[in-house]
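2 protein chains.
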Amino acid sequence: MTPLDATFAALADPTRRAILAMLLEDDMAVTDVAQPFTMSLAAISKHLIILAAAGLISQEKRGRVKWCKLEPDALKAASVWMQGFGQFEPVNLDDFERFLAREFAEDDVPQPPGSRGEVR
Amino acid sequence: MTPLDATFAALADPTRRAILAMLLEDDMAVTDVAQPFTMSLAAISKHLIILAAAGLISQEKRGRVKWCKLEPDALKAASVWMQGFGQFEPVNLDDFERFLAREFAEDDVPQPPGSRGEVR
DNA sequence: CACATATTCAACCAATCGGTTGACGATCTT
DNA sequence: AAGATCGTCAACCGATTGGTTGAATATGTG
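Shown next, in the form of structure tokens:
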């Protein structure tokens, strides 16, 4: 699997995208990442391993807790690839937050990270 | 499946990314798309249907031939999503072409579209 | 009409995916 | 030492994926 394969495949799952959005706010332990989701801890652990394999997050174990940290640079290759197809103008952060809000408002998205209004 | 799921899932396959890169050059018939690949025509037809379902290409049937056309706007939502994670500076087309060249130079990519030097 | 060309359909296959459960190895706390 | 907490491993499951082949359906051409 090429790095680009891994990146896009990792991003194709809505649970994993939700996790990345959660990690935008702050670094988190595996258990804390799992807390808002209904699925098992083992399932979330697997998702995190996939994200780490794709380089989208890093995981550092301190004591018995493993901290997960967003690694936005890994998105760069994919971003370069995509921008080649349409000369997209860069997007400001307000657009992005609006986008996140809309995505998490949908019914079929597994588990909003903090979608109870307190967007920050 | 949300539109974002479909977009990223479609991009996760190197054959499909190669097809998109081919369509950057020009619109193509299904048979012509399949020509440089070693896999069957039916397999390519399926890939094209997946790309069309994700909105990344459109397919118009004129006579007995179905023309495939790149639809770069469909990448916009995904691009917005990604850029939110890292304030990526926009990338120029030269970077992109270099990137394509590198991707298609790798051994594990199924079938380069026109990687025999004549990039035009 | 007969034939070739373009594309999809249908059935099948092995491999991967996203999830579960239960057991397990570390690590902290008492 | 005993017990709780953190996270992963292993085995399993049903659904999906990416490919194959062969037949079927249009559409064009001699």
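Chains D and L supply the protein sequences, listed in that same order. Residue numbers 1035 to 1154, in our numbering, belong to the letters of the first sequence in order. Residue numbers 1035 to 1154, in our numbering, belong to the letters of the second sequence in order. The beta-carbon is built from N, C-alpha and C at its ideal position, and this holds for glycine as well.
Whose CA, out of the options, lies closest to the CA of residue i?
| i | options | result |
| --- | --- | --- |
| Thr1041/L | Val1064/L, Leu1058/L, Lys1110/L and Gln1117/L | Lys1110/L |
| Met1116/D | Leu1082/L, Leu1090/L, Glu1094/L and Ile1083/L | Leu1090/L |
| Glu1059/L | Leu1104/L, Leu1075/L and Met1073/L | Leu1104/L |
| Pro1106/L | Ser1113/D, Trp1101/D, Ala1077/D and Gly1118/D | Gly1118/D |
| Leu1038/L | Ala1108/D, Ala1088/D, Met1035/D and Asp1047/D | Asp1047/D |
| Ala1052/D | Ala1088/D, Glu1094/D and Leu1082/D | Leu1082/D |
| Asp1061/D | Gln1093/D, Met1035/D and Ile1084/D | Gln1093/D |
What's the C-alpha gap between residue i and residue j?
| i | j | result |
| --- | --- | --- |
| Lys1080/D | Ala1043/L | 18 angstroms |
| Gln1069/L | Gly1097/L | 20 angstroms |
| Leu1054/L | Ile1078/L | 12 angstroms |
| Val1114/D | Leu1045/D | 15 angstroms |
| Ala1086/D | Met1073/D | 19 angstroms |
| Lys1100/L | Val1067/L | 11 angstroms |
| Gly1148/L | Ala1076/L | Residue confidence is low: Gly1148/L scores 38 on pLDDT, short of 50, so the model does not pin down where it sits. Its coordinate-derived value is still stated next. The alpha-carbon atoms of Gly1148/L and Ala1076/L are separated by roughly 21 angstroms. |
| Val1064/D | Ala1063/L | 48 angstroms |
| Met1056/L | Thr1036/L | 26 angstroms |
| Ala1088/D | Ala1088/L | 22 angstroms |
| Lys1095/D | Arg1050/L | 37 angstroms |
| Cys1102/L | Ala1108/L | 15 angstroms |
| Ala1112/L | Ala1112/D | 10 angstroms |
| Phe1071/L | Ile1084/D | 29 angstroms |
Determine the extent of the alpha helix (DSSP H) in which residue i is found, giving its start and end residues.
| i | result |
| --- | --- |
| Glu1094/L | That residue, Glu1094/L, is in no alpha helix (DSSP H); its beta strand (DSSP E) goes Ile1091 to Arg1096. |
| Asp1039/D | Pro1037 to Leu1045 |
| Ser1113/L | Ala1108 to Gln1117 |
| Ser1074/L | Here Ser1074/L belongs to no alpha helix (DSSP H), and DSSP marks it neither H nor E. |
Have a look at the DSSP bridge pairing and note the partners of residue i.
| i | result |
| --- | --- |
| Lys1103/D | Ser1092/D |
| Ala1063/L | Trp1101/L |
Under 8 angstroms (Cβ pairs) to chain L, residues found in the stretch 1071 to 1093 of chain D: none
What are the residues in the stretch 1039 to 1058 of chain L lying within 9 angstroms of chain D by C-beta distance? Asp1039, Ala1040, Thr1041, Phe1042, Ala1043, Ala1044, Leu1045, Ala1046, Asp1047, Pro1048, Arg1051, Leu1054, Ala1055 and Leu1058
At a CB distance below 8 angstroms, what residues from the stretch 1103 to 1120 of chain D approach chain L? Give them in sequence order. Leu1104, Pro1106, Asp1107, Leu1109, Lys1110, Ala1111, Ala1112, Ser1113, Val1114, Trp1115, Met1116, Gln1117, Gly1118, Phe1119 and Gly1120
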